[in-house]
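Residue numbers (my numbering): 20 to 783. What follows is a single structure, written as structure tokens, with notes after it.
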């Protein structure tokens with residue numbers, strides 16, 4: 020792999036490599052090799068764009084709804100397109116034979132490298148090398164460099180490199196492929212090409228500017244306006260460098276979008292390839308300083324964990340709430356780019372503990388759409404704010420009415436009407452951010468209002484059962500989506516109860532600290548103490564199913580009366596197979612669950628369960644879980660590791676390799692965002708034992724037998740803490756500007772005070 024770019028590419032521990040060309044894996048590779056910077060996402064397509072590839076370029080927050088069942092992220096024109104022909108014969112994997120082919124995603128530097136040797140019908144070989152990156156320094160810019168060498172004979176070369184407007188969104192269900200934009204302007208001046216497109220429904224402008232620089236054996240070659248033709252000698256090196264910028268009217272005033280795109284591209288050209296690369300790599304270096312995780316004793320797992328972290332880093336954005344992270348990141352149009360509960364509970368924690376500023380901006384996505392959440396609640400006859408199950412750009416409910424079932428059939432979707440827990444999940448995430456950062460300012464401006472309105476929703480959603488003398492939440496779907504329209508789902512009810520109680524606690528806390536701030540919020544949303552009193556009345560009387568004689572939490576009313584069918588078959592990836600006679604159409608009549616539901620509860624509220632209840636509930640549901648969501652194995656790894664399940668590490672590996680080994684068979688449709696974040700949590704919160712107990716940072720690790728050391732950095736209340744976990748000890752370094760600072764933590768269940776700026780070793 021190390022040829023023209025041998026001074027740039029990182030060492031092997033940072034590389035995800037493709038050796039040899041396998042056409043049937045290309046769409047999977049396009050997902051795995053995706054690049055991005057939080058603003059732009061770009062699939063890892065071959066630059067020639069073979070006919071069976073799916074080029075995809077996405078801007079966080081750019082959605083449209085032309086001919087689709089629901090609003091979806093827009094696959095915008097492709098700036099990567101680069102086509103070369105030799106005497107009329109395309110130099111690409113379809114037209115020519117491939118003698119050798121290697122690609123490498125450099126996760127350390129956010130660069131995609133490639134080397135391919137082609138052979139034409141005369142057996143003349145062409146050496147093709149490329150590298151490209153989406154700048155982490157300038158969010159609007161991408162850079163691509165290609166080297167071409169005719170190895171056996173001189174030839175005539177023709178080059179086309181435009182902004183490809185033929186791209187479409189992939190067809191879903193009965194919709195077919197669709198294009199969400201039209202070209203409104205094309206312009207060229209002094210070698211800079213400009214193109215502007217506009218989405219059909221939302222009229223979002225997408226402006227491109229690009230510049231191609233060509234060198235033959237190190238000397239610049241004039242570039243004509245459109246198609247480039249020239250003669251190349253045997254062994255002569257041709258270097259193509261393409262700079263491009265992408266701006267949208269969501270970021271730039273529409274009147275200035277042309278100048279913004281042109282200026283961004285011109286600035287990149289002035290800086291040149293080397294300086295653009297240096298600035299890009301410097302930004303990546305800073306990111307990895309705070310979020311890298313190293314594992315002594317298992318380099319393969321360490322690399323795979325970096326893959327999961329990398330794919331979260333390329334979609335984390337600081338857009339002041341304009342966009343969040345969709346269920347398929349910015350790697351495809353899967354799930355239409357929609358945001359689910361996955362983000363708040365699975366992806367956000369990495370940002371909370373490594374980049375809290377980005378975490379704050381991502382949480383603002385929900386606050387900016389609080390008005391729509393209020394409208395949704397009101398439309399259903401409830402108070403407060405009810406967040407949509409699937410959210411796109413506006414915060415309106417964006418869940419399609421129909422989707423593809425597990426057996427491939429088209430099924431009606433009810434999650435938007437019954438899967439209410441997302442509202443409490445969002446409140447939980449905001450509180451998680453606050454617990455780790457102590458960001459009072461954020462809470463006063465944004466967070467408290469969301470938590471109060473969520474509590475208000477739950478107080479209006481509960482129903483009082485006179486016979487049981489308890490409050491219930493009926494006709495819901497919990498995380499286990501195999502069972503719809505159930506009453507008193509334990510996960511939903513516990514989350515609702517927590518939301519009510521935490522809202523009261525925060526109201527009291529901030530009333531003492533910031534009486535004027537609380538008064539302002541209360542006045543704004545008309546929240547009075549009488550309403551809080553109602554919340555205090557509901558919360559302790561809400562059915563939760565937590566206390567059972569057999570110490571097993573009941574998933575929902577009537578769960579234990581369902582048919583108990585054991586799972587005994589597993590596929591080559593150790594994933595469960597439906598028992599004989601059970602299908603997606605009748606599974607609701609059994610105790611088989613789709614994913615972590617009660618087990619998710621055991622993780623999020625670990626404090627409230629006895630060790631016995633946790634173990635018995637975990638093992639009961641783990642045996643009945645199909646893991647039909649990529650988020651499920653990681654949660655079983657965390658809880659399983661805590662309660663002593665020998666399969667915990669297997670669950671971790673399923674999550675770790677979900678996309679790297681395409682365990683679910685659909686990585687071609689996009690990265691599984693939830694498994695990315697779940698994998699990080701399984702490593703840090705599971706094996707590393709990091710968590711929060713009663714507001715105190717806690718470490719109670721349990722490493723896999725062959726891991727010698729797990730090393731990571733967490734930010735806690737604004738300070739970085741370096742953590743090295745060994746089998747029988749932990750080494751901590753708490754960094755602070757104040758030498759007198761001390762950090763109160765709990766390690767191995769013992770309260771400790773850690774002095775600042777000194778390594779502290781604590782043995783088990």
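Cβ coordinates follow ideal geometry from the N, Cα and C atoms, glycine included. Predicted model, so just to flag it, every value in this text is computed and none were measured.
Cβ separation of residue i and residue j, assumed to be a contact under 8 Å, to the nearest whole Å
i, j, result
"residue 336", "residue 564", "Not confirmed; about 39 Å, so no contact."
"residue 263", "residue 227", "6 Å"
"residue 95", "residue 81", "7 Å"
"residue 480", "residue 492", "6 Å"
"residue 197", "residue 87", "6 Å"
"residue 432", "residue 418", "6 Å"
"residue 267", "residue 375", "About 27 Å separates the two Cβ atoms, so there is no contact after all."
"residue 377", "residue 405", "So it is not a contact: roughly 26 Å between Cβ atoms."
"residue 89", "residue 346", "Actually they do not touch by this definition, with Cβ atoms about 13 Å apart."
CB contact check: residue i to chain B, cutoff 9 Å
i, result
"residue 712", "Checking the listed chains, one finds no chain B in this structure; it contains a single protein chain."
Pairwise C-alpha distance: residue j and residue i
i, j, result
"residue 216", "residue 341", "20 Å"
"residue 589", "residue 616", "21 Å"
"residue 683", "residue 560", "41 Å"
"residue 31", "residue 674", "22 Å"
"residue 654", "residue 618", "7 Å"
"residue 296", "residue 26", "12 Å"
"residue 520", "residue 647", "32 Å"
"residue 176", "residue 169", "10 Å"
"residue 117", "residue 40", "8 Å"
"residue 124", "residue 130", "6 Å"
"residue 56", "residue 234", "28 Å"
"residue 139", "residue 109", "9 Å"
"residue 147", "residue 255", "12 Å"
"residue 273", "residue 614", "45 Å"
"residue 677", "residue 649", "7 Å"
"residue 495", "residue 393", "19 Å"
"residue 413", "residue 391", "8 Å"
"residue 628", "residue 622", "10 Å"
"residue 128", "residue 156", "12 Å"
Cβ neighbour criterion (16 or more within 10 Å) applied to residue i
i, result
"residue 381", "buried"
"residue 46", "buried"
"residue 789", "The first residue shown for the chain is 20 and the last is 783, placing residue 789 beyond what the model contains."
"residue 475", "buried"
"residue 611", "buried"
"residue 498", "buried"
"residue 423", "exposed"
"residue 539", "exposed"
"residue 708", "buried"
"residue 74", "buried"
"residue 366", "buried"
"residue 737", "exposed"
"residue 202", "exposed"
"residue 776", "exposed"
"residue 548", "exposed"
"residue 319", "exposed"
"residue 626", "exposed"
"residue 161", "buried"
"residue 397", "exposed"
For residue i, the nearest candidate out of the options (CA to CA)
i, options, result
"residue 159", "229, 175 and 91", "229"
"residue 729", "170, 735 and 701", "701"
"residue 38", "135, 50 and 113", "135"
"residue 270", "417, 338 and 74", "338"
"residue 796", "169, 164 and 293", "Look at the range of the chain in this structure, 20 to 783, and you will see that residue 796 is not part of it."
"residue 785", "219, 689 and 324", "As shown, the chain starts at 20 and ends at 783. That puts residue 785 outside it, with no answer to give."
"residue 720", "650, 361, 704 and 50", "704"
"residue 306", "126, 218, 756 and 72", "126"
"residue 252", "174, 447, 218 and 516", "174"
"residue 112", "105, 155 and 68", "68"
"residue 715", "763, 725, 739 and 680", "763"
"residue 542", "504, 468 and 482", "468"
"residue 259", "167, 309 and 356", "167"
"residue 343", "122, 387 and 672", "387"
"residue 358", "427, 329, 444 and 223", "444"
"residue 680", "36, 29, 243 and 373", "36"
Hey, is the region 768-777 in contact with the region 741-748, meaning 3+ C-beta pairs nearer than 8 Å? no
Flag this pair as touching only if the region 625-643 and the region 570-590 have three or more C-beta atom pairs under 8 Å; answer yes or no. yes
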